[in-house]
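Straight run, no breaks: the sequence shown in the working numbering ends on number 201. Reading through the structure tokens given below for one structure.
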Amino acid sequence: MIAMIKGTVFAVGLDWIIIENQGIGYKVFFSRPETVRLNQEVRVFTYQHVREDEFSLFGFLSMDEQDLFVKLISVKGLGPKTAMNMLAAATYQQMVQMIEQGDVAALKKMPGIGAKTASQIILDLKGKLVREETNEGTASQAIEDALEALKALGYKQNELSGLSKIMREHPDKTTDEYVKLGLQHLLQRKRGG
Numbered sequence: 009m010i011a012m013i014k015g016t017v018f019a020v021g022l023d024w025i026i027i028e029n030q031g032i033g034y035k036v037f038f039s040r041p042e043t044v045r046l047n048q049e050v051r052v053f054t055y056q057h058v059r060e061d062e063f064s065l066f067g068f069l070s071m072d073e074q075d076l077f078v079k080l081i082s083v084k085g086l087g088p089k090t091a092m093n094m095l096a097a098a099t100y101q102q103m104v105q106m107i108e109q110g111d112v113a114a115l116k117k118m119p120g121i122g123a124k125t126a127s128q129i130i131l132d133l134k135g136k137l138v139r140e141e142t143n144e145g146t147a148s149q150a151i152e153d154a155l156e157a158l159k160a161l162g163y164k165q166n167e168l169s170g171l172s173k174i175m176r177e178h179p180d181k182t183t184d185e186y187v188k189l190g191l192q193h194l195l196q197r198k199r200g201g
């Protein structure tokens with residue numbers, strides 16, 4: 009499964025971008041194409057949607073947004089295109105707030121959402137998004153960047169398992185501090201094992 013693409017923006021459409029990575033262009037449905045520029049280097053978190061007649065990539069600038077998208081499409085009757093339109097119409101924080109407050113009226117204003125679907129979203133997701141609503145936004149980005157840096161140093165994904173949880177126990181650190189923390193734990197594991 010393609011979970012992330014890092015590359016250069018080759019083209020921008022109304023609801024998609026093409027990211028070039030090592031000579032391959034990935035067309036990614038994207039909720040906010042106005043936030044990127046041609047030839048800009050981007051890191052986009054993706055969700056790979058596969059059906060008999062279609063293979064699509066949906067892209068997000070943060071893992072939180074990607075996670076919300078996955079939760080939205082788990083709601084009965086809500087497809088990926090509708091979920092993407094919702095994320096284009098409201099920010100991540102606004103969406104979480106609407107769902108957590110049970111605001112059916114606000115959700116009904118979203119493109120393609122009727123009263124029944126709005127109620128279903130609240131029923132299925134209320135209470136499941138609160139963790140993301142805390143002040144973890146900047147910490148999450150620093151942790152993601154630190155894990156990417158550790159991968160760049162040659163550590164494999166399986167070696168990095170559990171590090172995110174350890175890093176989250178130490179809020180308010182910079183990316184560099186998270187990298188150092190990660191290296192300390194990796195060395196301890198090596199010595200212990």
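The beta carbon of each residue, even a glycine, is placed where N, CA and C say it ideally should be.
If you run the structure through DSSP and keep just helix, strand and coil, what is residue i?
i      : result
GLN56  : strand
ARG51  : strand
LYS14  : strand
LEU46  : coil
MET92  : helix
LEU191 : helix
THR183 : helix
MET103 : helix
ALA98  : coil
VAL78  : helix
GLN109 : coil
LYS84  : coil
LYS116 : helix
Taking the DSSP output, what are the residues bridged to residue i?
i     : result
ASN29 : ILE32
ALA19 : ILE26
SER64 : HIS57
PHE38 : GLY67
Between the Cα of residue i and the Cα atoms of the options, which residue gives the shortest distance?
i      : options                           : result
TRP24  : GLN30, PHE68, ASN166 and LYS181   : PHE68
GLY162 : LEU194, SER127 and LYS136         : LEU194
LYS89  : LYS173, ILE27, PHE63 and GLU28    : PHE63
PHE37  : ILE26, SER172, SER169 and LYS181  : ILE26
GLU28  : GLY170, ALA11, PRO41 and VAL50    : VAL50
GLN196 : GLU167, THR183, ASP184 and LYS181 : GLU167
HIS178 : SER127, ALA113, GLY110 and SER148 : SER148
LYS136 : LYS117, LYS124 and GLN105         : GLN105
MET9   : SER172, SER127 and HIS57          : HIS57
THR54  : GLY33, PHE77 and GLN192           : PHE77
In or out: residue i buried (at least 16 other Cβ within 10 Å) or exposed?
i      : result
ALA241 : Because the chain is modelled from 9 through 201, residue 241 falls outside the range shown and cannot be assessed.
LEU131 : exposed
LEU80  : buried
GLU73  : buried
LEU46  : exposed
ILE107 : buried
LEU22  : exposed
THR182 : exposed
MET175 : buried
GLY190 : buried
ALA123 : exposed
ALA11  : exposed
ILE129 : buried
At 4 residues or longer, and completely inside the region 121-180: list those alpha helix (DSSP H) runs for me, N to C. 123-133, 138-141, 145-160, 165-168 and 171-176
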